[in-house]
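> This structure is in structure tokens; I'll ask about it shortly.
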Amino acid sequence: MIRINCPYCGERDHSEFNYGGDATVKYPSLDSSEKEWTEAIFFRKNIKGFQLETWHHSHGCRMWLVVERSTVTHEIKSVKPCHPDLQKVVENNK
Amino acid sequence: MKTSRLDKYGKINRDKILSFSWDKKKYKGFEGDTLASALLANNIGIVGRSFKYHRPRGIFSSGVEESGALVTIGSKDKRDPNVRATTQELYDGLEARGQNAFPNVNFDLAGINNYLGRFFAAGFYYKTFMGIPPFEWGKGTAIWMFFEKFIRKAAGMGSASGLPDPDSYEHAHDFCDLIVIGSGPAGVAAAIEAAEKKLDVILVEQDSLIGGDQLAENDFDNSQIKNQLENLGIKIMTRTTAFGLYDNCVVGLLERVTDHISVPNINIPRQRFWTIRAKHIIVGAGAIERHIAFNNNDIPGVMTVNASKHYLNRYGVLTGKTIAIATNNDSVYETAQQLSEAGANVTVLDSRTNFEIKTNKSFEIRKGYVPYNINGSKKIDSLDISKSENINKSETINCDQVLLSGGWSPAVHLLSHRGVRPKWDYNNACFLPSDTKENITMIGSSRGLWNKNDCIASGIAGTTDALNRLGISKTNYFFPKPGGWKNPIQPLYEVKYKKSRSKSFVDYQHDVTTDDVRLAHREGFISVEHLKRYTTLGMANDQGKMGNIIGLSLMADLLNKEIPEVGTTVFRPPYTPVSIGALSGRNVGKHFRPLRVTPMHQWNIDHGAKMIEVGLYQRPWYYPKENETLSDSYIREATTVRKKVGICDVTSLGKISIQGPDSTEFLNRIYSNGFSKLQVGKARYGIMLRDDGIVMDDGTSWRLSENEYFMTTSTGEAAKVMSWLEELLQTRWTDLKVNVTSVSEQWAGVSVAGPKSREVLNNCVDDPSVITNNNLPFMGVISTFLKGNIPCRIARISFSGELAFEVYVKSDFANTMMDLLWEHTKKYDGCLYGLEALGALRVEKGHVTAAELDGRVTIDDAGLSKMASTKKSYIGSAMRKRGVLKSDDRETLVGFFPKNLKDTFNAGTIVCEKNNIKGQGIGRITSVTHSPELGHWIGIGFVKGGLDKWKDTTLIGADPVRNKQMNLQVVSPHMVDPKGERMYA
Ligand SMILES: [Zn+2]
Chain A
55 MIRINCPYCG
65 ERDHSEFNYG
75 GDATVKYPSL
85 DSSEKEWTEA
95 IFFRKNIKGF
105 QLETWHHSHG
115 CRMWLVVERS
125 TVTHEIKSVK
135 PCHPDLQKVV
145 ENNK
Chain B
146 MKTSRLDKYG
156 KINRDKILSF
166 SWDKKKYKGF
176 EGDTLASALL
186 ANNIGIVGRS
196 FKYHRPRGIF
206 SSGVEESGAL
216 VTIGSKDKRD
226 PNVRATTQEL
236 YDGLEARGQN
246 AFPNVNFDLA
256 GINNYLGRFF
266 AAGFYYKTFM
276 GIPPFEWGKG
286 TAIWMFFEKF
296 IRKAAGMGSA
306 SGLPDPDSYE
316 HAHDFCDLIV
326 IGSGPAGVAA
336 AIEAAEKKLD
346 VILVEQDSLI
356 GGDQLAENDF
366 DNSQIKNQLE
376 NLGIKIMTRT
386 TAFGLYDNCV
396 VGLLERVTDH
406 ISVPNINIPR
416 QRFWTIRAKH
426 IIVGAGAIER
436 HIAFNNNDIP
446 GVMTVNASKH
456 YLNRYGVLTG
466 KTIAIATNND
476 SVYETAQQLS
486 EAGANVTVLD
496 SRTNFEIKTN
506 KSFEIRKGYV
516 PYNINGSKKI
526 DSLDISKSEN
536 INKSETINCD
546 QVLLSGGWSP
556 AVHLLSHRGV
566 RPKWDYNNAC
576 FLPSDTKENI
586 TMIGSSRGLW
596 NKNDCIASGI
606 AGTTDALNRL
616 GISKTNYFFP
626 KPGGWKNPIQ
636 PLYEVKYKKS
646 RSKSFVDYQH
656 DVTTDDVRLA
666 HREGFISVEH
676 LKRYTTLGMA
686 NDQGKMGNII
696 GLSLMADLLN
706 KEIPEVGTTV
716 FRPPYTPVSI
726 GALSGRNVGK
736 HFRPLRVTPM
746 HQWNIDHGAK
756 MIEVGLYQRP
766 WYYPKENETL
776 SDSYIREATT
786 VRKKVGICDV
796 TSLGKISIQG
806 PDSTEFLNRI
816 YSNGFSKLQV
826 GKARYGIMLR
836 DDGIVMDDGT
846 SWRLSENEYF
856 MTTSTGEAAK
866 VMSWLEELLQ
876 TRWTDLKVNV
886 TSVSEQWAGV
896 SVAGPKSREV
906 LNNCVDDPSV
916 ITNNNLPFMG
926 VISTFLKGNI
936 PCRIARISFS
946 GELAFEVYVK
956 SDFANTMMDL
966 LWEHTKKYDG
976 CLYGLEALGA
986 LRVEKGHVTA
996 AELDGRVTID
1006 DAGLSKMAST
1016 KKSYIGSAMR
1026 KRGVLKSDDR
1036 ETLVGFFPKN
1046 LKDTFNAGTI
1056 VCEKNNIKGQ
1066 GIGRITSVTH
1076 SPELGHWIGI
1086 GFVKGGLDKW
1096 KDTTLIGADP
1106 VRNKQMNLQV
1116 VSPHMVDPKG
1126 ERMYA
């Protein structure tokens, strides 16, 4: 079982979370072309090693998190809020 | 084999006599016995029949590695098959039976399989599937079907009761700094060291007693150790198996709470499934003694050497009178001496020629000798032995027991669960655990240490390693070197005697022989993983704890390679079997999944509702009057709504509060239709698309004030929509000042629908003037009060197509609201209506729900193109016309009538063209109902090309599952009041 250290709630089982997806995708503006959206939605790297991914603490504080996780070992290097303002709050409270 | 209980041996409690039954006969044992020791004490040698050949099998071990003594315990719904007799503690009244035998293990009719061996060799199942020559009269599945019944009955183990499990199980959780698995000298030393260094420690032991292999020592007493551990505050968990290691130092434990008790307290669970979250794991799981492959090495009376030591010193059972011990290592000599002191006539055959060992000379040692064949069938008559360098018929010795020690395999299983491959150690002829970066440390004989002092030292070193890794200390430490015997082990896996065709077993439990391994090699299955699957070596429930390495060494020989080049198979959880009951815990029966009820759940039931599950929710299905069937009831309810008025609990809809200055902008981006001009006091129906342009959900949003909206979603998608809104706000549009809060549980909702609905509401609100047609027009929203000063929100929204309102109050007022509305609904001859009537009403109107919006449908497919704004961009707008989604040939929403209005049809019916009834047809019917308004059955669904293409063509509804077929007419999905005049009334 993966354990994720939520910056708000502390370390919790992964069953409290829902997996989101690739956290590095820059979603284009709503008026962007079909081509740009296709890139953003369908094309993914198949990373072996550490990748940034989003997780939702759905059975906790409801925060969306960026988790740096190894796809080989499940080792987690870092967990941060997705929202930049929340990131700042977490930094300031360290 | 002649076994007997000795007076002066063992740690059993002879004051407490327990009676038990074996194959319906009564026997006696003592408190402290296992079923195996009690059977041996009663001189019962045959306890099972083997998997394929139905050969008589005895007790091979004294622990979890047991591959012979699998028995069935209990009867009726308490029947538990495949229990290892070697780990089952005896209790008074225990009922045990042999399995895989008819009529019993002593006389088994299927024993003939032993002589049909060639049909059961490796790959039998695969070849049979493919149609094996010489059976060319049948091929593939036909021959399989012929054999299947026979195989299923003959091959295998005990059978389950087939009845609901009467026992209860539970899941439990704990946390600690350090979990120590195994309470042998190494584990105990590690736990004590850690507790003294102030760590919070859990010590886990699968046995009922702590001590590990010391329990096989004559003079061992664990009470002092136990006191010391308890005084240090260590949590000791006995009868608890660490069955798996998982990510981030999570350990799965199975605690057998009452499996050793005659009449368990019914308020206590039978087993407990623990999830332990530790900071560090120390594994001192011990080592497992291997057997040796040679002809007839499975005859009852064959056992590992260490097992017989356990039976002697722990249970006071001498397992033979004339005992031959075959070995290749030093570990057997202490046992040999103790057995001979206990009265057995012992001969040790040691495959090594050049070694020195100190003994009291009470037994004979034959240096350079190995066994190559056992004579006997249900018991051992004698043993053929030979010089080890050249196996040839030379000598036969009399004995009634053969003890084997082919070396020891450290229990690296748990580490293997973490993907850590063990490394082969030539000196000790075993796999040793490799190092890992994870916080897991292996100690004791599970890291290949064979003497007690080394084990203790490794326990202390293990804890130092843990402390260092946890950043608590920085202390140097070293582990003792693997090994510890005076003379080196000489690898010995198989004694091959070429002049015999008797079977020589590698894996006792799955009846895999040395010939099977050779056959696999001849047929090209040389990779370990292929070997394993082809022969099923190591795939029984013992996972090849004893035999795997023998199989590997045989393959290595055949390939002319060394064992490490052949590889090792990966062990996976569980280490020992875990019952399904323990896995499910309390999540069985009606607790299988959570139950959600609305705040007026009891009110609905009290008023005659029959309930139906929708997702996790219980919702009113229909409200039958006396003798009414479902269809009588829903037709009456729907008719009443169309003609008068009805009320329906709609609380299960998702409800989200959207607040903040950018709320309007936010809604405008997530809905496909425009929200920027929605006035305060108005609601709007909206559709949300996914990024990829497919419809996600539909619902309404009510503008309560400049910066606040109340959103409703469908019941099924409520959680998903909430997460989606949070994702957008937290990850994509982080500049928007919007807050979303789920208020689904906070508000109770009712739909009041029908021409008399306004009158009903007028009677229920404090101020009737607020809900006039002017003040509350179609899609109008007001916040007002129900009688009794109950704050409420009312929107004039219609799902039924009638004049209708949705009324929400805080959940605490749900029952009051229902009482009030029902009192006045009755006055207008109205009714309560359920989901079935709601469905009928919405199908008549062609409104889509989850049955239509199934994740494949675009907004155009659903006939809702006008809901897709052309004046703005929104989620999904770029993608909704991509590629195939813009094809003219898409299945689009239509209504269906049976051509013959007396016909009925079902959801799931496939729509086909005449004379072309096949495959997926050209469409499907997704929802059907009897239409009270039209007086016949109607449906909605999808058809390629839509209404325009088919309105004048008769299509066929094919329903092969129900063996039904009917002619269909394609109509507009808006079948009742297509202009929507009623809801504007
Ligand atoms: Zn959290």
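Read top to bottom, the protein sequences are chains A and B. So in my numbering, spot 94 of the first sequence is number 148, and the numbers just go up one at a time. So in my numbering, spot 947 of the second sequence is number 1092, and the numbers just go up one at a time. Using N, Cα and C, we set each Cβ at its ideal position, and we do this for glycine too.
1. Starting from the beta carbon of A:Leu106, find every residue of chain B whose beta carbon is closer than 7 Å, and list them in chain order.
2. Roughly how many whole angstroms lie between the Cα atoms of B:Asn499 and B:Phe576?
3. Could you work out which residues of chain A lie near B:Val891, taking near to mean beta carbons separated by less than 7 Å?
4. Can you check DSSP and say which residues form a bridge with A:Tyr81?
5. Tell me which residues share the same chain as B:Leu133 and place their Cβ nearer than 7 Å to its Cβ, disregarding the 5 neighbours each side in the sequence.
6. Does B:Ser850 pass the burial test, meaning 16 or more other C-beta atoms within 10 Å, or should it be called exposed?
7. Under a Cβ-count criterion, where at least 16 other Cβ atoms within 10 Å of its own Cβ denotes burial, should B:Ile379 be classed as buried or exposed?
8. Please report the distance separating the alpha-carbon of B:Trp282 from that of B:Thr1037.
9. What residues of chain B sit near A:Asn72, judged by a beta carbon separation below 9 Å?
10. Check whether the Cβ of A:His113 lies closer than 8 Å to any Cβ atom in chain B.
11. With burial defined as no fewer than 16 other Cβ atoms inside 10 Å of the residue's Cβ, what is the status of B:Pro936: buried or exposed?
12. Where DSSP assigns a beta bridge to B:Met756, which residues make up the other side?
13. When you measure from the CB of A:Cys60 to every non-hydrogen atom of ligand 1, does any distance come out below 7 Å?
14. Hey, A:Val152 and A:Val121: beta-carbon distance below 8 Å or not?
15. So, do the region 398-418 of chain B and the region 489-497 of chain B have three or more beta carbon pairs nearer to each other than 8 Å?
16. Could you name the residues of the region 368-401 of chain B whose beta carbon sits closer than 7 Å to any beta carbon of chain A, in the order they occur along the chain?
17. Do three or more CB pairs link the region 725-733 of chain B to the region 312-322 of chain B at distances below 8 Å?
18. Taking the alpha carbon of B:Cys544 as the reference point, which residue from B:Gly589, B:Pro555, B:Asp526, B:Gly552 has its own alpha carbon closest?
19. Just to confirm the assignment: which complete beta strand (DSSP E) runs, minimum length 3, are found wholly within the region 200-272 of chain B?
20. Under 8 Å, Cβ to Cβ, is there at least one residue of chain A near B:Met856?
21. Beta-carbon separation of B:Ala863 and B:Tyr953 under 8 Å?
22. For B:Thr472 versus B:Val447, is the C-beta distance shorter than 8 Å?
23. In this structure, what does DSSP give as the bridge partners for B:Pro1057?
24. Quick check for students: name the residue ranges of the alpha helix (DSSP H) that lie wholly in the region 471-556 of chain B, counting only runs of 4 or more.
25. Given that a residue counts as buried once 16 or more other Cβ atoms are within 10 Å of its Cβ, and exposed if not, what is B:Tyr1129?
26. Compute every distance between the C-beta of A:His111 and the non-hydrogen atoms of ligand 2, then say whether any falls below 7 Å.
27. Quick one: grab the DSSP three-state call for B:Phe737.
28. Closer than 7 Å to a non-hydrogen atom of ligand 1 - does that hold for the CB of A:Gly74?
29. What residue ranges within the region 641-685 of chain B form continuous beta strand (DSSP E) runs of no fewer than 3 residues, ordered along the chain?
30. Quick test of your reading: B:His436 and B:Leu549, contact by CB under 8 Å. State the CB separation rounded to the nearest angstrom.
31. For A:Pro138, go through chain B and note every residue whose CB falls closer than 8 Å to its CB, in chain order.
32. Quick check on DSSP: helix, strand or coil for B:Lys284?
33. Do you know offhand how far B:Thr1049's Cα is from A:Ser69's?
34. Could you check if B:Ser943 is buried or exposed, using at least 16 other CB atoms within 10 Å of its CB as the buried criterion?
35. Using a Cβ-Cβ cutoff of less than 8 Å, which residues in the same chain neighbour B:Ala949 once the five nearest sequence positions on both sides are dropped?
Straight from the coordinates:
1. Locating residue 106 of chain A in the first sequence gives position 52, counting from the first residue. Ordered by position in chain B, no residue passes the 7 Å Cβ test against A:Leu106, which lies about 12 Å from the chain.
2. Counting from one through the second sequence, the residue named residue 499 of chain B turns up at place 354. Counting from one through the second sequence, the residue named residue 576 of chain B turns up at place 431. The alpha-carbon atoms of B:Asn499 and B:Phe576 are separated by roughly 25 Å.
3. To locate residue 891 of chain B, count along the second sequence from 1; it is residue 746. Correcting the residue identity first, residue 891 of chain B is Gln in this sequence and not Val. Those do not exist, as B:Gln891 stays about 16 Å from chain A at its closest Cβ, beyond 7 Å.
4. Here residue 81 of chain A refers to the residue found at position 27 of the first sequence. DSSP lists no partner for A:Tyr81.
5. The first residue shown for chain B is 146 and the last is 1130, placing residue 133 of chain B beyond what the model contains.
6. Within the second sequence, residue 850 of chain B is the residue found at index 705, counting from 1. Its Cβ having fewer than 16 others within 10 Å, B:Ser850 is exposed.
7. Translated into positions along the second sequence, residue 379 of chain B becomes position 234. Label assigned to B:Ile379: buried.
8. By one-based count along the second sequence, residue 282 of chain B stands at place 137. By one-based count along the second sequence, residue 1037 of chain B stands at place 892. Any answer about B:Trp282 is weak, because its pLDDT of 44 lies below 50 and its placement is not dependable; what the coordinates show is given next. The straight-line gap from Cα to Cα measures roughly 51 Å.
9. Numbered from 1 along the first sequence, position 18 holds the residue referred to as residue 72 of chain A. Correct list: Ser868.
10. Here residue 113 of chain A is taken as the residue at index 59 of the first sequence, counted from 1. By this cut-off, A:His113 is not an interface position.
11. As a working mapping, residue 936 of chain B is identified with position 791 in the second sequence. That one is exposed.
12. Along the second sequence, read from residue 1 onward, the residue named residue 756 of chain B stands at position 611. B:Pro765, per the DSSP bridge assignment.
13. The sequence position of residue 60 of chain A within the first sequence is 6, counting from 1. Yes; taking the cut-off as 7 Å, the Cβ of A:Cys60 has a heavy atom of ligand 1 nearer than that.
14. Any question about residue 152 of chain A goes unanswered here, given that chain A covers just 55 to 148.
15. no
16. Tyr391, Asp392, Asn393, Val395
17. yes
18. Residue mapping note: residue 544 of chain B aligns to position 399 of the second sequence, counting from 1. Of the listed residues, the one whose Cα sits closest to B:Cys544 is B:Asp526.
19. 215-218, 225-229, 239-242
20. For the purposes of this step, residue 856 of chain B is identified with residue 711 of the second sequence, where counting begins at 1. By this cut-off, B:Met856 is not an interface position.
21. As a first step, residue 863 of chain B must be located in the second sequence, where it is residue number 718. As a first step, residue 953 of chain B must be located in the second sequence, where it is residue number 808. Their beta carbons are not under 8 Å apart, which means B:Ala863 does not touch B:Tyr953 by this criterion.
22. Taking the second sequence and counting its residues from 1, one reaches residue 472 of chain B at position 327. Taking the second sequence and counting its residues from 1, one reaches residue 447 of chain B at position 302. No, Cβ-Cβ distance for B:Thr472 and B:Val447 is not below 8 Å.
23. Here residue 1057 of chain B is taken as the residue at index 912 of the second sequence, counted from 1. Reading off the sequence shown, one finds Cys at residue 1057 of chain B, where the question assumed Pro. B:Ile1101, per the DSSP bridge assignment.
24. 478-486
25. Residue mapping note: residue 1129 of chain B aligns to position 984 of the second sequence, counting from 1. Answer is exposed; the Cβ neighbour count stays below 16.
26. With respect to ligand 2, the structure offers nothing, as its ligand set consists of ligand 1.
27. As a first step, residue 737 of chain B must be located in the second sequence, where it is residue number 592. Three-state result, B:Phe737: coil.
28. Locating residue 74 of chain A in the first sequence gives position 20, counting from the first residue. No - ligand 1 has no heavy atom lying nearer than 7 Å to the Cβ of A:Gly74.
29. 650-652
30. Position 291 of the second sequence holds residue 436 of chain B. Position 404 of the second sequence holds residue 549 of chain B. That belief holds up - the Cβ atoms of B:His436 and B:Leu549 are roughly 4 Å apart, short of 8 Å.
31. As a working mapping, residue 138 of chain A is identified with position 84 in the first sequence. Ordered by position in chain B, the residues that pass the 8 Å Cβ test against A:Pro138 are Thr879.
32. Walking along the second sequence from the start, residue 284 of chain B turns up at place 139. In this prediction, B:Lys284 scores a pLDDT of 47, lower than 50, which makes its location untrustworthy; the coordinate-derived value is nonetheless stated afterwards. Note: B:Lys284 maps to coil in three-state DSSP.
33. The count along the second sequence starts at 1 and reaches residue 1049 of chain B at position 904. The count along the first sequence starts at 1 and reaches residue 69 of chain A at position 15. If I take the Cα positions, the gap works out to 45 Å.
34. In the second sequence, the residue the question calls residue 943 of chain B occupies position 798. By the 10 Å Cβ count, B:Ser943 comes out buried.
35. Stepping through the second sequence from its first residue, residue 949 of chain B is reached at position 804. Closer than 8 Å at the Cβ level, and outside the excluded window around B:Ala949, lie Ser896, Val897, Ala898, Gly899, Ser902, Arg941, Ile942, Ser943, Met1128.
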